[in-house]
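Residue 1126 in the numbering used here is what sits at position 192 of the sequence shown, and the numbering runs on without skipping anything. Backbone N, C-alpha and C fix where the C-beta goes; we use that ideal spot for every residue, glycine too. Small disclaimer: the values here were computed from a predicted structure and weren't measured. Encoded as structure tokens, the structure appears first; notes follow it.
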Amino acid sequence: MLTARQKSDIEIITRVYRQQKAHFENNNPRESVKDRIVSISKPYVRPIVRGKEVKSVEFGAKCNNIQVDGLSFIEKLSFNAFNEGTRLTHCLKMHRKLFGVEAKKVGGDAGYAGSANRGYCKDRGIQTSFVKRGRPSLEKKENDIIRNELARVRATRMEGSFGTQKEHYGLKRIKARTKLTEILYIFFGIHTANAVQLVRREVNEIAQAA
């Protein structure tokens, strides 16, 4: 008699075989395989093309966060690839839901700087870090200063928080065996980092007041 785990593994291996067979027989071998399984033990994991020099493809959860006053909040988490640039309006709505006010200034990398996002922010009077389109002006204006400062803060705080969460809160190599456990691991890693930061702020405020 096969165990439940063995039956599950056989089902996954069968799906892998069917995917590979269909891909081999496809007239267009460059076409990607939908929901391609790359791990028997973790069939929910998908290859995600990152385009980095060291790792062109990564495996694991992809997480789109918003960061407010140094604290990170998960806006979308998926084991399938998705375009973060299409999530800006969702991020702004999440900010409004969490804090009860509209965001006035937003920092984001070039992936968020599409026409739709620019128009959305412009209509609502939201200042962004997006590089201004058109010919650069020799005269430095107030908006340019704000734009550069937003870009600087995003690059230091947001990227720094990713490094901190990976190196100090167990998110560099997640030791989980199931999809739900992995999601929970990520959730606790990010929000434990938030909790530690809040405690440090409170300790500093008490020390300054003393």
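Residues in the same chain with beta-carbon distance under 7 Å from residue i, minus the five sequence neighbours each way, listed in chain order, please.
i	result
Q1001	R1091, M1092 and S1095
E1009	N998, N999, I1000, R1021, H1024, C1025 and M1028
G1048	G1019
V979	V972, S973, F993, G994 and F1013
Using a Cβ-Cβ cut-off of 6 Å (strictly less than) and excluding sequence neighbours within five positions of residue i, which residues of its own chain qualify?
i	result
P977	I946 and I971
I1108	E1116 and Y1119
A1110	E1116 and Y1119
Quick one: give me the first and last residue of the alpha helix (DSSP H) that residue i is part of.
i	result
L1132	K1113 to A1143
N962	Element bounds for N962: n/a, residue is neither H nor E.
V983	Looking at the DSSP string, V983 is not in any alpha helix (DSSP H); the run it does join, the beta strand (DSSP E), is P981 to V983.
I1079	E1076 to V1087
Y1054	S1049 to D1057
T1098	E1093 to H1102
Rounded to whole angstroms, what's the CA-CA distance from residue i to residue j? Just pull it up for me.
i	j	result
L1022	Y1046	7 Å
M935	K941	10 Å
K1066	F1033	29 Å
G1004	S973	35 Å
H1024	Q1131	25 Å
A1044	T1062	11 Å
P981	E959	21 Å
N1077	K1100	34 Å
V1137	G1123	21 Å
S966	K1075	47 Å
A1144	V1133	17 Å
N1082	R939	54 Å
A1037	I1060	7 Å
When DSSP labels each residue in this structure, what does residue i get in the three-state scheme?
i	result
S1033	For the record, residue 1033 in the displayed sequence is Phe; it is not Ser. Helix at F1033.
V1065	coil
V950	helix
K1039	strand
I971	coil
Y978	coil
I944	helix
M935	coil
R1107	coil
Identify every residue that forms a DSSP beta bridge with residue i.
i	result
C997	L1011
V1002	L1005
V991	V983
Identify, in the order they occur along the chain, each residue of the same chain with its Cβ nearer than 8 Å to the Cβ of residue i, setting aside the five sequence neighbours on each side.
i	result
R949	I971 and P977
A1127	S1006, S1095, T1098, Q1099, H1102 and Y1103
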